[in-house]
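Structure, as structure tokens:
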Amino acid sequence: MEAPNGLIVYHYPFSPYARRVIWYLQLRGLSYAECMQPHIMPRPDLSALGISYRRIPVMAMGRDVYCDTRLMLRKLEERFPQGALGATGGEQRAIQRLLDRWITDGGVFMRAASSMPPSLPILQDPKFLNDRRDFVGRAWSKEAIEQGRPESIVAMRDAFDLLESTLLADGREWILKTEAPSLGDIEAIWPFDWLVDMDGALPGEVISEKQFPKVFGWIQRFRGRLRRAQAQAQGSGSKAVKVDGEAAAKVICGASFAESGGKIDAAEPLGLALGTEVEVWPIDSGSSHHDKGRLVSLTWDEVVLATRADKWEAEIHVHFPRWGFRVARASASASAKM
Ligand SMILES: N[C@@H](CCC(=O)N[C@@H](CS)C(=O)NCC(=O)O)C(=O)O
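Using this note's numbering, the letters of the sequence shown map in sequence onto residues 195 to 532.
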């Protein structure tokens, strides 16, 4: 079997981060394969590839594997430039990048996650709560969510207001005044869409269509476009191909590398040489999962290491962005401070 466009996305359906990538692929009409994962650890399909990174989604392109949706979207734009969704103009590009930073690093997603109603069925499952405690590295209980929720609702109201009173204030259809949804819309919409869809998350007297008609209208338009793209994919027989972990690993290990690697800047401040054994891990969440391997490439915005999928006797290149990640010599990382 071959993966359509050489792409396999590892994800689970209710992951809001995964939706960023899935929506991107759907809006572009790019076919792909998907390997569905459990929503809690362990994920043997990924560890079989020599990957410790625990966040979802993960995307393979040939024998290269990409971690973090910010890197995935960048790579998809580069790999499939015809019909790319990213802004090309200076200010539009700036807004697109700032939206990406605002939503993830500016805390909008964290506030959205802590606006979940404690009555949500998944929050009744002790296995899920324990798993997420390991993920965020602190207490994650129904009580803690209940206690923090009022503050998060206020923060989310502020985020809705920011969009309503600035970017969407002039009545534009899409966030960057484009004809159709662009990468800027994907960068901004996902935590808002996620909460609007979640029963009991948003108190109607604080955040609803009444107070924020433009944001709610934008979400509805975006969903309409997605439905259209999904129906088109269905009609043309190019919907996602489901693969199991074994089949996905075989495809990846038998593919050629999508990128050549071997890049490092002479002025790189970490002073690491290509070929050194290094560790890489995210510094915001899932930080106890370190990937180890030989340094294959280190540029200003990306680090690549080689890991092994022992069962298939294959080397795989795993890519991470530099932003939000730490890279250290393997032996020194045990003492590196978070
Ligand atoms: N910055 C990462 C964040 C990914 C992330 O936090 N994903 C969530 C799912 S929406 C996750 O991995 N949760 C823990 C898990 O599923 O193990 C990205 O852009 O990919």
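From the three backbone atoms N, C-alpha and C, an ideal C-beta is built for every residue, glycine too.
> Do D262 and ligand 3 come close, with the Cβ less than 7 Å from some heavy atom?
Replying inline: The model on display carries ligand 1 but not ligand 3.
> So, V474 versus V521, is the Cβ gap smaller than 8 Å?
Replying inline: As a first step, residue 474 must be located in the sequence shown, where it is residue number 280. As a first step, residue 521 must be located in the sequence shown, where it is residue number 327. Yes, the pair counts as a contact, with Cβ atoms nearer than the cut-off.
> If you run the structure through DSSP and keep just helix, strand and coil, what is L492?
Replying inline: As a working mapping, residue 492 is identified with position 298 in the sequence shown. Three-state DSSP puts L492 in a strand.
>> Given a cut-off of 8 Å on the beta-carbon distance, is the pair G456 and H511 in contact?
In response: Position 262 of the sequence shown, counted from the first residue, corresponds to residue 456. Position 317 of the sequence shown, counted from the first residue, corresponds to residue 511. Contact: no.
> How about P463: is its Cβ closer than 7 Å to a heavy atom in ligand 1?
Replying inline: Your numbering for residue 463 matches position 269 in the sequence shown. It does not: the Cβ of P463 is nowhere closer than 7 Å to a heavy atom of ligand 1.
> Is D239 helix, strand or coil when you go by DSSP?
Replying inline: Locating residue 239 in the sequence shown gives position 45, where the first residue counts as 1. Helix.
> Taking the continuous alpha helix (DSSP H) assigned at E381, which residues delimit it?
Replying inline: Sequence index remark: in the sequence shown, residue 381 carries index 187 (1-based). It spans 377-390 - the alpha helix (DSSP H) in which E381 sits, taken as one unbroken run.
> Can you tell me whether W494 is buried or exposed, with buried defined as 16 or more other CB within 10 angstroms of its CB?
Replying inline: Locating residue 494 in the sequence shown gives position 300, counting from the first residue. Exposed, because fewer than 16 other Cβ atoms sit within 10 Å of the Cβ of W494.
> How many angstroms separate the CA atom of W334 from the CA atom of Q276?
Replying inline: Locating residue 334 in the sequence shown gives position 140, where the first residue counts as 1. Locating residue 276 in the sequence shown gives position 82, where the first residue counts as 1. Computed Cα separation, rounded: 43 Å.
>> List, from N- to C-terminal side, the alpha helix (DSSP H) runs of 4 residues or more that fit wholly inside the region 210-261.
In response: For secondary structure counted as the alpha helix (DSSP H) over 4 or more consecutive residues, the region 210-261 holds these complete runs in sequence order: 210-222, 238-241.
> Closest Cβ-Cβ distance between S376 and chain B: below 8 Å?
Replying inline: Among the protein chains of the structure shown there is no chain B, as only one such chain exists.
> Looking at the unbroken beta strand (DSSP E) that takes in W475, where does it start and where does it end?
Replying inline: Within the sequence shown, residue 475 is the residue found at index 281, counting from 1. Unbroken beta strand (DSSP E) run through W475: 471-476.
>> Please identify the residue among G331, R523, R287 whose C-alpha is closest to the C-alpha of I477.
In response: Residue numbering aside, residue 477 sits at position 283 when the sequence shown is read from its first letter. The shortest Cα separation from I477 among G331, R523, R287 belongs to G331.
> Between Q318 and L420, what straight-line distance do the alpha-carbon atoms span, to the nearest angstrom?
Replying inline: Walking along the sequence shown from the start, residue 318 turns up at place 124. Walking along the sequence shown from the start, residue 420 turns up at place 226. If I take the Cα positions, the gap works out to 31 Å.
> Along the chain, where does the alpha helix (DSSP H) that runs through F303 open and close?
Replying inline: Looking up residue 303 in the sequence shown gives position 109. Counting along the chain, the alpha helix (DSSP H) containing F303 begins and ends at 302-307.
>> Please determine whether the Cβ atom of M255 lies at a distance below 7 Å from any heavy atom of ligand 1.
In response: Taking the first residue of the sequence shown as position 1, residue 255 is located at position 61. For ligand 1, not one heavy atom lies less than 7 Å from the Cβ of M255.
> Do you know offhand how far A306's Cα is from S479's?
Replying inline: Here the question's residue 306 lines up with position 112 in the sequence shown. Here the question's residue 479 lines up with position 285 in the sequence shown. Taking the straight line joining both Cα atoms gives about 15 Å.
>> From the DSSP secondary-structure annotation, give me the bridge partner or partners of I535.
In response: This structure cannot settle anything about residue 535, because the visible part of the chain is limited to 195 through 532.
> Hey, out of S482, S450, S525, A442, whose CA is closest to A242's CA?
Replying inline: What you label residue 242 is simply residue 48 of the sequence shown in a count that begins at 1. If we check each option's Cα against that of A242, A442 comes out closest.
>> So, with DSSP's three-state summary, where would you put F274?
In response: Residue numbering aside, residue 274 sits at position 80 when the sequence shown is read from its first letter. It is coil, neither helix nor strand.
> Beta carbon of A442: closer than 7 Å to some heavy atom of ligand 1?
Replying inline: The sequence position of residue 442 within the sequence shown is 248, counting from 1. Answer for A442: no, Cβ out of range of ligand 1.
> Counting pairs of Cβ atoms below 8 Å between the region 460-473 and the region 266-282, do you hit three or more?
Replying inline: no
> Since P515 contacts D325 with CB under 8 Å, what's their CB separation in whole angstroms?
Replying inline: In the sequence shown, the residue the question calls residue 515 occupies position 321. In the sequence shown, the residue the question calls residue 325 occupies position 131. In fact, because the Cβ distance is near 24 Å, the residues do not count as touching under 8 Å.
> If W412 and R213 are in contact, beta carbons under 8 Å, what's the gap, nearest whole angstrom?
Replying inline: In the sequence shown, counting from the first residue as 1, residue 412 sits at position 218. In the sequence shown, counting from the first residue as 1, residue 213 sits at position 19. Wrong, their Cβ atoms sit about 16 Å apart, outside the cutoff.
> What's the call for S529, buried or exposed, on a 16-neighbour Cβ count within 10 Å?
Replying inline: For the purposes of this step, residue 529 is identified with residue 335 of the sequence shown, where counting begins at 1. At S529, the pLDDT of 45 sits below 50, so the modelled position is not reliable; the number obtained from the coordinates is stated separately. The residue in question, S529, is exposed, as its Cβ has fewer than 16 Cβ neighbours within 10 Å.
> If you compare alpha carbons, which of E196, S225, R287 is closest to S430?
Replying inline: Here residue 430 corresponds to residue number 236 of the sequence shown, with the count starting at 1. Nearest C-alpha to S430: S225.
> Taking 7 Å as the line, does the beta carbon of I250 fall inside it for any heavy atom of ligand 1?
Replying inline: Position 56 of the sequence shown, counted from the start, is the residue given in the question as residue 250. True, at least one ligand heavy atom lies under 7 Å from that Cβ.
>> Per the DSSP calculation, D485 is bridged to which residue(s)?
In response: Position 291 of the sequence shown holds residue 485. Partner(s): V474.
>> Here's the rule I'm using: 16 or more other beta-carbon atoms within 10 Å means buried, otherwise exposed. How should E228 be labelled?
In response: Here residue 228 refers to the residue found at position 34 of the sequence shown. The residue is buried, with at least 16 neighbouring Cβ atoms inside 10 Å.
>> Quick test of the definition: if touching needs 3 or more C-beta pairs under 8 Å, does the region 204-211 touch the region 390-408?
In response: no
> Taking the alpha carbon of E509 as the point to measure from, which residue in D258, D391, G518 has its own alpha carbon closest?
Replying inline: Walking along the sequence shown from the start, residue 509 turns up at place 315. Here the closest residue by C-alpha is D258.
>> Nearest by alpha-carbon distance to F519: which of R502, D504, W506, V497 is it?
In response: Residue 519 sits at position 325 when you count from the first residue of the sequence shown. Selected option, being the one with the closest Cα: V497.
> Considering only residues of the same chain and omitting the five flanking positions on each side of K505, which have a CB-CB separation below 7 Å?
Replying inline: Counting from 1 along the sequence shown, the entry for residue 505 is found at position 311. The answer, listed in chain order, is A242.
> Under 8 Å, do D485 and I234 count as touching if we go by C-beta distance?
Replying inline: As a first step, residue 485 must be located in the sequence shown, where it is residue number 291. As a first step, residue 234 must be located in the sequence shown, where it is residue number 40. No. Outside cutoff.
> Taking 7 Å as the line, does the beta carbon of G480 fall inside it for any heavy atom of ligand 1?
Replying inline: Taking the sequence shown and counting its residues from 1, the one referred to as residue 480 is at position 286. At least one heavy atom of ligand 1 is nearer than 7 Å to the Cβ of G480, so yes.
>> Taking the alpha carbon of H483 as the reference point, which residue from R523, R248, V390, W217 has its own alpha carbon closest?
In response: The residue labelled residue 483 in the question sits at position 289 within the sequence shown. That would be R248, whose Cα lies nearest to the Cα of H483.
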